[in-house]
Amino acid sequence: MIYSNVKIASEEREFSFGKMTVIALGEKGRGRREIVLPCPKDTVLKEGLNEGLTIGFSKSGKPKIVSGYDSELYYVLSSYGGYTRRGNGTIYIIREGEKHSIDAMDDCLEYGNGADGDAGRIGDWQVIVMKPRATDVISLKYSGGLGNEFREYIFGTVTIKANELELALDSGKITEEQFRIAENHRDRK
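With our numbering applied, the sequence shown covers 11 to 199.
Encoded structure:
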């Protein structure tokens, strides 16, 4: 199953070897890196849990989206929030109390980015395809804004805004331990 924080529809693209249906994340160009995931025709990755889709791998080991059910959880995430000066979009993995950059993690199957302005001089944002560990907490800050009011935390398949952590704990959506991890990261900014 795939959890995504954005809705993305597939599109048909022309390649040197022919046409293919893909879901694209990020951007092509200077200071940018696009992720292209082959997928079945008319695939729509909805925001939230996509139980009828999973990640498979090509003969060369690259990830692709396939129809099917399995118990493995994969993330397809984007930190794009809007085009403005300042306010880069970032995605971090909080593992065992430490914050890690997503592009340096072995669990990251594909990493890409988009850039605002000339090669990102205005700002940039990140996209990833990854297989998280059960205890991972994802910290996601959308581009186009400043501060923690634009930060979200992903716990498994539950997304909580930074300013709603206490409410999520009180309502039982997250555990005390998850709350402490996110709160500690949120307060450090």
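Where a beta carbon is used, it is the ideal one built from N, C-alpha and C, also for glycine.
Remember, it's a predicted structure, so these values are computed and weren't measured experimentally.
The region 135 to 148 and the region 76 to 95 touch, with no fewer than 3 CB-CB distances between them shorter than 8 Å. For residue 105, the closest alpha carbon among the candidates 166, 120, 123 and 151 is that of 166.
At the C-beta level, residue 40 and residue 30 stay beyond 8 Å of one another.
Taking the C-beta atoms as reference points, residue 164 is found no nearer than 8 Å to residue 184. Looking only at 66, 91 and 90, the smallest Cα-Cα distance to residue 79 is reached by 66. Each of 117, 125 and 98 was checked against the Cα of residue 144, and the nearest Cα belongs to 117. For the pair residue 154 and residue 36, the CB atoms are not nearer than the 8 Å cut-off.
In the DSSP assignment, residue 178 falls within the unbroken alpha helix (DSSP H) covering 175 to 180. If you look at residue 100, you'll find it in the beta strand (DSSP E) that goes 100 to 105. DSSP lists no bridge partner for residue 189.
Burial check for residue 173: the Cβ neighbour count within 10 Å stays below 16, so the residue is exposed. Between the C-alpha atoms of residue 38 and residue 180 there is a straight-line separation of about 43 Å. Ranking 108, 100 and 162 by CA distance to the CA of residue 135 puts 100 first. By the Cβ-count criterion, residue 177 is exposed, with fewer than 16 other Cβ atoms from all chains shown falling within 10 Å of its own Cβ. In the DSSP annotation of this structure, the continuous segment of the beta strand (DSSP E) that includes residue 124 starts and ends at 118 to 126.
Bridge pairing for residue 30: 23 [DSSP].
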